[in-house]
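Structure first, commentary second.
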Amino acid sequence: MFEVDGLAPLTAAEQLAAESVAVWDGHNYAVEAMEPLGLDFEAGAVRAGISLYTTDDDVDRLLEAVRRLAGSESG
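As structure tokens, this is what we get:
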């Protein structure tokens, strides 16, 4: 789970979806994990799921899209 500075989690998720990167927004029933990560339960966060079937290319595409998104918001 993560945040993108300057973007609501829903907005970040929608913008990533526009790049064909599937993530979720909200607390995703992982409330206990949010506090140690410094994330606000009320505001929510972006969550990316990694599984056995996730390829290295999938992870690279996620990271590149998040970098672009974060860079576009930082000015």
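Residue numbers (our numbering): 324 to 398.
Idealized CB from N, CA, C, for every residue including glycine.
Just grab the DSSP bridge partners of residue i for me.
| i | result |
| --- | --- |
| D348 | V369 |
| F364 | Paired residue(s): none; F364 is not in a bridge. |
I need the boundaries of the alpha helix (DSSP H) containing residue i, first residue and last residue.
| i | result |
| --- | --- |
| L339 | P332 to A340 |
| E326 | Note, E326: premise wrong, no alpha helix (DSSP H); not H, not E. |
| A356 | V354 to M357 |
Could you name the residues of the same chain whose beta carbon sits closer than 6 Å to that of residue i, not counting the 5 residues immediately before and after it, in chain order?
| i | result |
| --- | --- |
| E342 | A388 |
| V382 | none |
Apart from the five residues just before and just after residue i, which ones in its own chain have a Cβ nearer than 8 Å to its Cβ?
| i | result |
| --- | --- |
| P332 | E326, D348, G349, A366, G367, A368 and V369 |
| S397 | Summary for S397: the model assigns pLDDT 46, below 50, so the residue's position carries little reliability, and this model does not support an answer. |
| A340 | V346 |
| A393 | V327 and D328 |
Excluding five sequence neighbours on each side, which residues of the same chain lie with their C-beta closer than 7 Å to the C-beta of residue i?
| i | result |
| --- | --- |
| L360 | M324 |
| A371 | V346 and L385 |
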